[in-house]
Each structure stands twice: as structure tokens, then as C-alpha cells.
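Residue numbers for the sequence shown follow the working numbering, so the first one is 590 and each next one is one higher. From the three backbone atoms N, C-alpha and C, an ideal C-beta is built for every residue, glycine too. The model shown is predicted, which means the values in this text are computed figures rather than measured ones. First the structure, in the form of C-alpha cells, and then the observations on it.
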Amino acid sequence: MALILGIDPGSRITGYGIIKAVGNHQEYVASGCIRTTAKETLAERLDVIFQGVTQIVSEYAPGELAIEKIFMSRSAESALKLGHARGVAMVAAVNKGLPVFEYEARKIKQAVVGSGAASKSQIQHMVMTLLKLTTRPQEDAADALAIAICHVNTQHNLAKMSNSSTAVIGT
590 MALILGIDPG
600 SRITGYGIIK
610 AVGNHQEYVA
620 SGCIRTTAKE
630 TLAERLDVIF
640 QGVTQIVSEY
650 APGELAIEKI
660 FMSRSAESAL
670 KLGHARGVAM
680 VAAVNKGLPV
690 FEYEARKIKQ
700 AVVGSGAASK
710 SQIQHMVMTL
720 LKLTTRPQED
730 AADALAIAIC
740 HVNTQHNLAK
750 MSNSSTAVIG
760 T
């Protein structure tokens, strides 16, 4: 059994989602958002994200962090702010001894919805279905849960491939 923390980084809203993974089975544990305000400086917002991730890791004690890689679709300034948010979330996790795994947005959508071009509402719907949730999670929290699901599926598939090649070599 492993607890996985998924992070959907953002300088205004950073989503988080925690799932319990036992083999290929996944179970919802918690999710939510770390919110900053426009009144705060970038440095203050980054501190809020750092403190928030640190608190989540301390409270839930996940074994691994999965986070979305930067996707450059808007301005360079937006990408830089996103990079800062990712960085402080990763440092908060590493400071607590967690290994960090990164996934591209298209891979996350593909793993959860089956299409790398899935919409936010499709991700929310599939996260609800896969984790058997009764209410729709907020978009950023759903994205974070999707990242955690993607990580579990990826690690499970890598383990299966590793076991298959070991079995073939050993016979």
C-alpha cells in the first residue's frame, strides 16, 4: 500500500490529490487546493505553496510525489511563474524525503481519460468514476488526482514489464 500525492502546480491555485494504491487498485484519500491571492507578491505566493505542500506531506505522509511537467502554451511569464510554483512544491516534497516523478499533461490525460486532448470536465468525470467519488472535485484538485492516478498506472505497468522481462530472461 502506498500513498501518492499528486500536484497540479499554479501560482494562484495549486491543486493536490492523495490516493492510496494497492497494486492496480486506487482509493481516494483527500484533495483540495492551495490558494494564493493577487495581493501577495510572487515570493509570498511561493511561500504559501511551499508551506501548503509541506503541511500536506506532514499530515498525510505520502510515499511519492507526482507532478505535472511545464507546458508552454501561454506567455513566457506565465511559464516562469508556473515553474516557480512547481519548484517550491518539489522542494517541499524532497525536504520531506519524497521521490518526485514528473508527467506531461498529455500523458496524464491519456492515462485517465484515454485521450491526450481531454477537457477539464472529462478529467473531472473520469476521476469521479475511477475513484468512486460522489461529488465532482474542483478542477485543480481533479487534475492533481489525475496526476496521482497516472503515476500509479505508470509505475504498475513498469513493474509488470520488468517482471515479464525477468521471467523471460530467467527461463
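- Taking 8 Å as the upper bound for CB-CB distance, residue 600 and residue 674 are in contact here, some 5 Å apart.
- When the alpha-carbon of residue 608 is set against those of 735, 725, 643, 592, the nearest one is in 592.
- With fewer than 16 other Cβ atoms inside 10 Å of its own Cβ, residue 633 counts as exposed.
- Between residue 655 and residue 737 the beta-carbon gap is near 6 Å, inside 8 Å, which marks them as a contact.
- The beta carbon of residue 701 is closer than 8 Å to those of 707, 712, 715, 716, 719, 735, 738, 739 in its chain, skipping five residues each way along the sequence.
- Sixteen is the threshold: when 16 or more other Cβ atoms of the shown chains lie within 10 Å of the Cβ of residue 620, as they do, the residue is buried.
- Within the model, the alpha-carbon separation for residue 743 versus residue 613 is close to 10 Å.
- Out of 640, 685, 617, 648, the CA that lies nearest to the CA of residue 723 is found in 617.
- Counting only the Cα atoms, residue 684 lies some 19 Å from residue 606.
- Following the DSSP letters along the chain, one finds residue 680 in no beta strand (DSSP E) but inside the alpha helix (DSSP H) bounded by residues 665 to 684.
- Going by DSSP, residue 621 is part of the beta strand (DSSP E) stretching over 614 to 624.
- Each of 728, 725, 658, 597 was checked against the Cα of residue 642, and the nearest Cα belongs to 597.
- Take residue 659, set aside five residues on each side of it, and the residues of its chain with a beta-carbon closer than 7 Å to its own are 668, 671, 672, 675, in chain order.
- Between the alpha carbons of residue 666 and residue 631 lies a gap of roughly 12 Å.
- Where residue 638 is concerned, the enclosing alpha helix (DSSP H) starts and stops at 631 to 649.
- Distance from the CA of residue 624 to the CA of residue 611, rounded to the nearest whole angstrom, comes to 31 Å.
- Residue 595 holds the alpha-carbon nearest to the alpha-carbon of residue 615 among 595, 727, 710, 664.
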